[in-house]
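The sequence shown runs 0 to 136 under numbering that gives the first Met the number 0.
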Amino acid sequence: MGKSSSFEDYLEAILLLSKDTGASVRVTDLSEQLGVSKPSVSVAVKKLTEAGLVQHERYGDVKLTAAGQDRASGVASRHDLLFRFFTNVLGVNEETAESDACRIEHNLSETTVRRLTEFVEAVTGGNIEETRGCRAP
0 MGKSSSFEDY LEAILLLSKD TGASVRVTDL SEQLGVSKPS VSVAVKKLTE
50 AGLVQHERYG DVKLTAAGQD RASGVASRHD LLFRFFTNVL GVNEETAESD
100 ACRIEHNLSE TTVRRLTEFV EAVTGGNIEE TRGCRAP
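Structure follows, in structure tokens:
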């Protein structure tokens with residue numbers, strides 16, 4: 000499975016919801032989190048399962064595999080980095096920063112992520128709270 004921002008949003012949502020619920024994530028939870036229909040979630044979860052990124056049995060919980068966990072963690076880290084940069088360095092309001100981070104998080108090279116991380120940590124002293132990832136508007 001290639002890099003798809005939509006599928007990465009699903010992985011990030013599963014990661015965040017599993018932290019909230021103690022690893023139990025339902026299709027309904029994803030539908031509410033992402034603001035999409037349950038049938039759309041079911042189609043995406045099936046594709047993510049086929050790609051080896053999640054485990055899901057019909058009517059059961061959705062869980063990240065090790066590969067899915069790695070990918071979701073990477074997306075969430077990029078999201079947090081961008082949100083921190085926009086709010087703490089550029090002074091962008093949180094709502095705009097959240098929206099922009101959700102759109103950009105999928106399209107950064109590793110070099111840019113590394114350099115931006117170094118810059119944000121240097122400017123802020125590393126005292127930044129974790130954000131909550133992309134949510135439905």
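Even for Gly, the Cβ is constructed at its ideal location relative to N, Cα and C. These numbers come from a predicted model, not from an experiment.
Alpha-carbon spacing of Gly13 relative to Val24, whole angstroms: In the sequence under discussion, the amino acid at residue 13 is Ile, which differs from the Gly named in the question. Each residue's alpha carbon lies about 7 Å from the other.
Backbone CA spacing between Thr116 and Leu80 [nearest angstrom]: 7 Å
Nearest-angstrom beta carbon gap, Val40 and Leu29 [assumed within contact, 8 Å]: 5 Å
Spatial distance of Arg114 from Ala121 (CA atoms): 11 Å
Integer-rounded CB distance, given that Val61 should sit under 8 Å from Glu11: Actually they are not in contact, since the Cβ atoms of Glu11 and Val61 sit about 13 Å apart, beyond 8 Å.
Nearest residue (CA-CA) to Thr86, options Val119, Asp19, Glu31 and Thr27: Val119
Nonlocal neighbours in the same chain, by C-beta distance under 7 Å from Glu104, ignoring five residues either side: Val74, Arg77, His78 and Leu81
CB-CB length for Ala43 against Tyr9, believed under 8 Å: 5 Å
The beta strand (DSSP E) enclosing His78, as first and last residue numbers: That residue, His78, is in no beta strand (DSSP E); its alpha helix (DSSP H) goes Ala65 to Arg83.
Sub-8 Å separation of Leu52 and Gly67 beta-carbons: yes
Under 8 Å between C-beta atoms of Thr110 and Arg83: no
Helix, strand or coil at Val91 [DSSP, three-state]: coil
For Glu7 and Arg70, believed in contact at Cβ under 8 Å, the rounded distance: 7 Å
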